[in-house]
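Under numbering that gives the first Met the number 0, the residues of the sequence shown are numbered 0 to 110, in order.
Built from N, CA and C at the ideal position, the CB exists for glycine as well.
Below is one structure, written out as structure tokens, with a few remarks after it.
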Amino acid sequence: MAKQIQKEIQHGVDSWVSLGNRRPHLSIMLVGDNPASHTYVRRKIKAATAVGICSEIILKPKDVSQEELLDITDHLNKDPRVSGILVQFDSGVTSSGRCHPFCSSFILIHL
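Structure follows, in structure tokens:
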């Protein structure tokens, strides 16, 4: 079943591109160095590649500022080649038990 869905998506992407449209592009911002997060993102890249979607990974340290994350997100939103954005945190929760400030800001920006 999964292979059939993958083939259908790949066909859709190929059809989209053959009509003169830009190939879909996924930008992934990976924050932190958790091995599980890196594995998750590698699998997303592999799945995107399998169906003909271009992708990129933007690596940031876990102590990256909220301002920098918002600036990167704003830049990606304005980039005409970017079709989708995935932000992967090691954890959306800080050591104090509160949501990382970016999580709240990102949600508010996209409501």
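Residue i vs residue j beta-carbon contact at 7 Å
| i | j | result |
| --- | --- | --- |
| leucine 58 | leucine 29 | yes |
| isoleucine 52 | leucine 25 | yes |
Cα-Cα separation, residue i to residue j
| i | j | result |
| --- | --- | --- |
| threonine 38 | asparagine 20 | 31 Å |
| isoleucine 8 | serine 54 | 16 Å |
| histidine 10 | valine 50 | 8 Å |
| valine 40 | glutamate 66 | 23 Å |
| glycine 83 | glutamine 3 | 23 Å |
| lysine 61 | aspartate 73 | 19 Å |
| alanine 1 | aspartate 78 | 31 Å |
| phenylalanine 88 | lysine 45 | 19 Å |
| leucine 85 | valine 63 | 16 Å |
| serine 36 | tryptophan 15 | 31 Å |
| aspartate 32 | arginine 42 | 16 Å |
Among the options, nearest to residue i - alpha-carbon criterion
| i | options | result |
| --- | --- | --- |
| isoleucine 56 | Arg22, Leu75, Val12 and Ser64 | Leu75 |
| aspartate 13 | Ala47, Ala35 and Ile27 | Ala47 |
C-beta neighbour in chain C for residue i, strict 7 Å
| i | result |
| --- | --- |
| aspartate 13 | The structure shown contains no chain C; it holds only a single protein chain. |
Bridge-paired residues (DSSP) for residue i
| i | result |
| --- | --- |
| lysine 59 | Val30 |
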